[in-house]
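Worksheet: one structure, shown below.
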Amino acid sequence: VIYISCGDEHTAVLIQDGKVFTFGDNSSGQLGYSPTPEKRGPQLVERIDGLVSQIDCGSYHTLAYVHTTGQ
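What follows is the structure, encoded as structure tokens:
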């Protein structure tokens, strides 16, 4: 684990290989996967193309920074 960010009722975890795991409340889709109301344990966010270098959570959203070269 290289970074953890928390929103009001959800958490995102960035691991060293650029993958993101989220858990907690998902009522606004802030976990990044199917609209389930809540996930108690960390689940991989599979819908991100590329390696994530930064994450941040707001009250009801999660951001992931993925650098691309435009090619």
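Going by the UniProt record's numbering, the letters in the sequence shown line up with residues 1 to 71, in that order. Cβ atoms here follow ideal geometry from the backbone N, Cα and C, with glycine treated the same way.
Given residue i, which residues of its chain have a CB within under 6 Å of its CB, disregarding the five upstream and five downstream residues?
i: C57; result: S5, C6, G7 and A12
i: Q16; result: I2
i: L63; result: D56
Determine the DSSP secondary structure at residue i, reduced to helix, strand or coil.
i: Y60; result: coil
i: E38; result: strand
i: Y33; result: coil
Considering only their Cβ atoms, is the gap separating residue j from residue i smaller than 8 Å?
i: K39; j: L31; result: yes
i: G41; j: T68; result: no
i: Q43; j: F23; result: yes
i: Y65; j: R47; result: no
Looking only at its own chain, which residues have a Cβ that is under 7 Å from the Cβ of residue i, when we skip the five neighbours before and after it?
i: T36; result: N26
How close, in whole Å, do the beta carbons of residue i and residue j come, if the pair is a contact with beta carbons under 8 Å?
i: V52; j: L14; result: 6 Å
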